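To keep things clear, I will list the structure first and then write my remarks on it.
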Amino acid sequence: MNVDGLPALILLIPLAGAVSTLLIQKAAPLLTLLTAAVTLILTVLAALQVESGGPLTGGHGLFVLDALGALYLLPVGFVYFTSSLYAIGYLQARRQKHPDEAPPRFRQYFPLMNIFALVILAVPVVANFALMWIAIELTTVFSAFLVAYEDRPEALEAAWKYVMLTSMGAMIALLGVLMLYYGTHAVGQPPTWQGLITAAPRIPAPLLLLAFVLWLIGFGAKAGLVPMHTWLPDAHSQAPASVCAVLSGVETGAALYMLLRIYPALTANPGVHDPGAWYMTVGLITVGSAAFMLLQVHDFKRMFGYSTIEHMGIILTACGLGAAIHEQGMVYQLFAHSFVKPFCFYAAGLAGVVFGTQEIMRVRGLISRSPAVGWALLVSTLAIAGAPPFALFLSEYEILARGYASGQYVPTGLLTVFIVLAFIALVYQVSRIAFGEPSAAAEGSSWSKVRVPWSSLIALSIAFLPVVIFGIYLPPQLAQLVHQAAGLLEVHG
Amino acid sequence: MGADHVVALSIDGSIAALFIVLGLGVMVARQMLASLRFFMWQSVALAASALVLAVDLHIYSLFWVALITVVSKVLAVPWVLRWAAGEEVYGCREVDQALDIPVSVLVASVLALVTWFAMVPTLPIFASGVPFAHINLPAGMVMVLWGAFTVALRRESVAQLMGLLIMENGAFFGSIAIVHNLTVIVEIAVAVDVPILALVIGLLIRNIRRVTGSTLAGALDSLHER
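Residue numbers (the numbering used here), protein chains in the order written: chain A, 1 to 493; chain B, 494 to 719.
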């Protein structure tokens with residue numbers, strides 16, 4: 001097999017999926033599942049190949065897949081697959097639960113999901129960062145109607161805010177992207193990550209800084225960094241859980257991926273002083289705001305939206321703390337979050353199906369009503385909050401330990417306080433939902449008539465596996481890939 | 494600096510001024526159709542600037558930029574919007590906005606001044622090799638900020654879309670002066686991206702009107718923490 005063709009193949013399969021689901025709409029769910037399964041296998045093969053043989057290139061320089069890109073591809077493939085499986089039963093179950101509402105866009109869902117997956121997969125695969133910008137911009141465009149899937153005023157409001165805020169961010173980032181395009185070209189380097197790092201010492205510092213600020217605002221809006229985060233809880237409260245899993249698990253990570261990859265270029269330029277301070281400041285503001293919002297949230301899908309904001313902030317702060325230097329905490333946090341968050345949304349989506357509402361105040365006793373869903377929601381919350389033995393515990397411990405060891409007591413202390421606060425808030429909110437006597441609202445509703453769809457339960461079970469496995473065992477190839485990816489973010493100069 | 498550059502700089506400066514004025518028109522136009530027309534003329538100004546740079550610097554890829562701009566923004570975007578949300582755009586409807594026009598112009602002026610002072614330290618970097626940067630970059634950056642301000646200022650969804658589109662125009666107006674080597678695939682992708690964005694937002698506007706009976710994005714305010 002010609003491995004150089006792998007990056008292109010990873011993009012061609014979802015494209016074929018999108019076209020086939022448009023043409024054969026009756027088989028769209030199964031075709032999407034098949035497409036996603038093949039894509040997942042290809043992403044695993046690509047990751048193994050990168051781990052053993054170095055970056056993959058192809059398409060006459062159009063594609064480059066390095067260790068960080070490969071590490072990001074793995075959860076994309078996994079979420080694409082589990083989300084496709086989950087959606088088969090879940091979308092039908094939501095329809096039965098809300099028969100009086102306008103019919104959902106079931107026919108549009110699967111083609112859009114395939115194209116959405118395609119553009120997310122393109123972000124780490126394409127070499128040119130102007131093309132990466134286009135891919136990120138298109139993630140918004142193709143997911144807008146997935147967020148507005150249910151066609152209710154609230155869903156349309158969420159989709160509108162999502163499109164406007166993230167597109168505004170994209171336009172701001174575009175100017176930054178084109179400035180870096182100029183910067184790399186002016187010193188004879190290609191507009192790729194490697195070209196940028198090579199060119200960085202010779203790019204004028206004010207230009208690099210201005211481009212970075214534009215990236216931080218622009219891609220920060222997409223990643224949900226405070227104060228550009230307002231679209232994120234709204235979109236997550238209204239979109240189907242299968243869409244939230246992709247949005248939260250990997251789409252926000254795509255924008256953060258861009259911000260992480262520019263970091264070594266900033267540190268390589270002697271004229272840019274302490275770029276980590278930017279990351280740390282924005283990261284801490286984001287984590288802190290999310291932690292406080294988690295205390296007063298009233299919707300359990302919004303809650304996981306704020307949790308995503310919290311994790312984006314943790315990763316950014318970790319980058320600022322310098323945890324990437326020969327360490328793996330930050331990279332592993334990005335990786336682990338992408339696996340854990342879909343599990344949270346799958347559980348939350350099924351809890352919504354069981355109760356017919358997402359209002360925390362109106363639901364009690366989920367475990368007694370649906371033990372599988374109740375325990376899944378509780379375990380997913382513990383996992384995303386960073387409890388042992390789950391994967392995020394390892395990465396958060398690593399980040400904090402490195403922060404204290406390097407003598408950065410104030411920012412690390414603040415990060416610790418915010419993480420603990422978010423942990424308490426998450427566990428408090430979910431314990432109210434999971435335990436106790438079922439609420440009157442639930443009793444009065446038609447919950448007992450709703451059967452939890454089997455495809456969604458299988459997807460939930462599959463999504464649980466990496467959550468627990470990566471907390472106690474990391475396959476050697478994966479550990480090596482994490483190490484290589486962390487090396488790519490190593491400080492230069 | 495040769496005489497050709499002086500003439501071209503003077504023409505490009507005039508186009509930049511026109512570009513700014515047309516952006517102001519998008520921001521404060523009272524009717525949606527007028528706002529769309531200001532955007533179309535602003536896109537023509539962007540294409541004209543690309544042509545001036547192409548001729549003066551002998552960079553022929555900028556001819557493509559001019560052509561793509563006209564096709565995607567002057568022709569495709571209005572066509573797409575007519576198809577997706579014709580009634581909302583082409584009905585002669587007054588645009589509701591959060592601030593009145595004099596205050597909006599005042600805020601826009603302050604934003605322009607702030608942008609200018611923020612850009613000044615970077616302009617010497619571009620002095621050699623890219624003679625038009627000190628005209629196009631500040632003008633483009635002003636338009637990016639004005640576009641963002643328009644989105645915040647306007648309560649109508651179509652007018653907010655216009656804000657987004659002038660942000661994109663601003664980013665390109667600035668970048669054509671410094672980036673002359675975009676590959677064909679990037680240029681085509683960017684050209685396709687804008688009409689697709691307009692199409693999706695146009696369809697969203699049509700759905701918002703169908704479901705809520707209005708295109709007032711400012712009235713969509715039910716999702717927040719209590």
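Each residue gets a CB set at the ideal place from its N, CA and C atoms; glycine is no exception.
Computed from a prediction, not measured in an experiment: that's the story for all the values here.
**Q.** For A/Asp299, three-class secondary structure by DSSP
**A.** The sequence position of residue 299 of chain A within the first sequence is 299, counting from 1. The DSSP-derived three-state label of A/Asp299 is strand.
Q.
My output table needs one value for B/Arg647: the three-state DSSP class, helix, strand or coil.
A. Within the second sequence, numbered from 1, the residue matching residue 647 of chain B stands at position 154. Look at B/Arg647 here: in three-state DSSP terms it is strand.
Q. By the criterion of Cβ-Cβ separation under 8 Å, what are the contact partners of B/Asp686 in chain A?
A. Taking the first residue of the second sequence as 1, we reach residue 686 of chain B at position 193. For B/Asp686, the chain A residues whose Cβ falls inside 8 Å of its Cβ are Ile134, Glu137, Leu138 and Val141, in order along the chain.
Q | Residues bridged to A/Gly58 [DSSP beta-bridge criterion] | A | The sequence position of residue 58 of chain A within the first sequence is 58, counting from 1. According to DSSP, A/Gly58 bridges with A/Phe63.
Q | Selection of the region 237-265 of chain A by Cβ proximity to chain B, strictly under 9 Å | A | So the close ones are Ser237 and Gln238.
Q: Tell me whether A/Glu137 sits in a helix, a strand or coil according to DSSP, three-state version.
A: Position 137 of the first sequence, counting from 1, holds the residue named residue 137 of chain A. A/Glu137 falls in the helix class under three-state DSSP.
(Q) Quick check for students: name the residue ranges of the alpha helix (DSSP H) that lie wholly in the region 198-229 of chain A, counting only runs of 4 or more. (A) You should have 205-223.
Q. Which residues in chain A sit within 9 Å of B/Glu649, going by Cβ to Cβ distance?
A. Taking the first residue of the second sequence as 1, we reach residue 649 of chain B at position 156. None at all; the shortest Cβ gap to chain A is about 12 Å.
Q) So, are the CB atoms of A/Val141 and B/Ile701 less than 8 Å apart? A) The residue labelled residue 141 of chain A in the question sits at position 141 within the first sequence. The residue labelled residue 701 of chain B in the question sits at position 208 within the second sequence. Cβ distance not < 8 Å, so A/Val141 and B/Ile701 don't count as in contact.
Q. In terms of residue numbering, what span does the alpha helix (DSSP H) encompassing A/Arg152 cover?
A. The count along the first sequence starts at 1 and reaches residue 152 of chain A at position 152. Here A/Arg152 belongs to no alpha helix (DSSP H), and DSSP marks it neither H nor E.
Q: Compare the C-beta of B/Val672 against all C-beta atoms of chain A and say whether one is closer than 8 Å.
A: Locating residue 672 of chain B in the second sequence gives position 179, where the first residue counts as 1. Judged by the 8 Å Cβ criterion, B/Val672 is in contact with chain A.
Q: Going by CA-CA distance only, name the one from A/Ala479, A/Gln238, A/Ala70 and A/Gln333 that's closest to A/Met312.
A: Sequence index remark: in the first sequence, residue 312 of chain A carries index 312 (1-based). For A/Met312, the nearest C-alpha among the options comes from A/Gln333.
Q) In chain B, which residues lie with their C-beta within 7 Å of the C-beta of A/Pro204? A) For the purposes of this step, residue 204 of chain A is taken as residue 204 along the first sequence, with counting starting at 1. Chain B residues near A/Pro204: Ile618.
Q. Under three-state DSSP, which class holds A/Val250?
A. Within the first sequence, residue 250 of chain A is the residue found at index 250, counting from 1. Looking at A/Val250 - three-state DSSP - the assignment turns out to be helix.
(Q) Does the CB of A/Trp447 have a neighbour CB from chain B at under 8 Å? (A) Residue 447 of chain A sits at position 447 when you count from the first residue of the first sequence. The predicted position of A/Trp447 is uncertain, since its pLDDT is 48 and thus under 50; no value can be drawn from it.
(Q) Taking 8 Å as the threshold (beta carbon to beta carbon), is A/Pro153 in contact with chain B? (A) Here residue 153 of chain A corresponds to residue number 153 of the first sequence, with the count starting at 1. Taking 8 Å as the threshold, the shortest C-beta distance from A/Pro153 to chain B falls below it.
Q | Classification of B/Phe610 by the beta-carbon crowding that lies within 10 angstroms, buried from 16 upward | A | For the purposes of this step, residue 610 of chain B is taken as residue 117 along the second sequence, with counting starting at 1. Exposed, since its Cβ has fewer than 16 Cβ neighbours within 10 Å.
Q. In chain B, which residues lie less than 8 Å from A/Ala158 when you measure between Cβ atoms?
A. Within the first sequence, residue 158 of chain A is the residue found at index 158, counting from 1. Neighbours of A/Ala158 across chain B, judged by C-beta separation under 8 Å: Leu716.
Q: Using DSSP bridges, identify the partner residues of A/Val427.
A: Working through the first sequence from its first residue, we reach residue 427 of chain A at position 427. According to DSSP, which records beta bridges pairwise, A/Val427 is partnered with nothing at all.
Q: Would you verify that the beta carbon of B/Gly711 is, or is not, closer than 8 Å to some beta carbon of chain A?
A: The sequence position of residue 711 of chain B within the second sequence is 218, counting from 1. Not an interface residue.
Q | Boundaries (first-last residue) of the alpha helix (DSSP H) holding B/Val600 | A | For this step, residue 600 of chain B is matched to residue 107 along the second sequence. Looking at the DSSP string, the run of the alpha helix (DSSP H) that includes B/Val600 is Ile594 to Met612.
Q: Rank A/Glu137, A/Val353, A/Gly77 and A/Cys319 by C-alpha distance to the C-alpha of A/Gly403 and give the top, closest one.
A: If you number the first sequence from 1, residue 403 of chain A lands on position 403. Cα-wise, what sits closest to A/Gly403 is A/Cys319.
Q | Three CB pairs or more closer than 8 Å across the region 180-198 of chain A and the region 664-675 of chain B | A | Because the criterion of three Cβ pairs below 8 Å is met, the region 180-198 of chain A and the region 664-675 of chain B touch.
Q) Looking at chain B, which residues of the region 168-198 of chain A have a Cβ within less than 8 Å of any of its Cβ atoms? A) Answer set for the region 168-198 of chain A: Met168, Met171, Ile172, Leu174, Leu175, Leu178, Met179, Tyr181, Tyr182, His185 and Ala186.
(Q) Output needed for A/Gln92: all residues of its chain with C-beta closer than 7 Å, excluding positions within five of it in sequence on either side, in chain order. (A) Taking the first sequence and counting its residues from 1, one reaches residue 92 of chain A at position 92. Answer for A/Gln92: Pro453, listed in chain order.
Q: Could you tell me if B/Pro595 is buried or exposed, where buried requires 16 or more neighbouring beta carbons within 10 angstroms of its beta carbon?
A: Here residue 595 of chain B refers to the residue found at position 102 when the second sequence is read from its first residue. So B/Pro595 counts as exposed.
Q) How is B/Leu716 classed by DSSP in three states: helix, strand or coil? A) Indexing the second sequence from 1 puts residue 716 of chain B at position 223. DSSP places B/Leu716 in coil when its eight states are reduced to three.
Q) Mind checking if A/Leu112 is an interface residue toward chain B, Cβ cutoff 8 Å exclusive? A) Locating residue 112 of chain A in the first sequence gives position 112, counting from the first residue. Not closer than 8 Å to any Cβ of chain B, the Cβ of A/Leu112 fails to qualify, so no.
Q: Use the C-beta contact count for A/Met280: other C-beta atoms within 10 angstroms, 16 or more gives buried, fewer gives exposed.
A: Against the first sequence, residue 280 of chain A aligns to sequence position 280. With 16 or more Cβ atoms within 10 Å of its Cβ, A/Met280 is classed as buried.
Q: State yes or no: is the beta carbon of A/Asn269 nearer than 8 Å to at least one beta carbon in chain B?
A: On the first sequence, position 269 is the one that residue 269 of chain A refers to. Taking Cβ atoms only, chain B never reaches closer than 8 Å to A/Asn269, which makes this a no.
Q | Status (buried if at least 16 other CB within 10 Å, exposed otherwise) for B/Glu580 | A | Within the second sequence, numbered from 1, the residue matching residue 580 of chain B stands at position 87. For B/Glu580, the number of other beta carbons within 10 angstroms of its own is below 16, and it is reported as exposed.
Q | Other residues of its chain near A/Ile203: CB distance less than 7 Å, five sequence neighbours each side excluded | A | Your numbering for residue 203 of chain A matches position 203 in the first sequence. Cβ within range, chain order: Gly183, Val187 and Asn269.
Q) For B/Glu661, does the three-state DSSP call read helix, strand or coil? A) The residue you call residue 661 of chain B lines up with position 168 of the second sequence. In the structure shown, B/Glu661 sits in a helix (DSSP, three-state: H, G or I).
Q. Which residues of chain B have a Cβ atom closer than 8 Å to the Cβ of A/Val163, listed in chain order?
A. Here residue 163 of chain A is taken as the residue at index 163 of the first sequence, counted from 1. What A/Val163 touches in chain B: Val693, Ile694 and Leu697.
**Q.** Per-residue contacts from A/Met293 into chain B (C-beta, under 9 Å)
**A.** Reading the first sequence from its first residue, position 293 is the one you call residue 293 of chain A. By Cβ distance, chain B contributes Glu718.
Q) With 16 as the cutoff for other CB atoms within 10 Å, does A/Glu490 come out buried or exposed? A) The sequence position of residue 490 of chain A within the first sequence is 490, counting from 1. By the 10 Å Cβ count, A/Glu490 comes out exposed.
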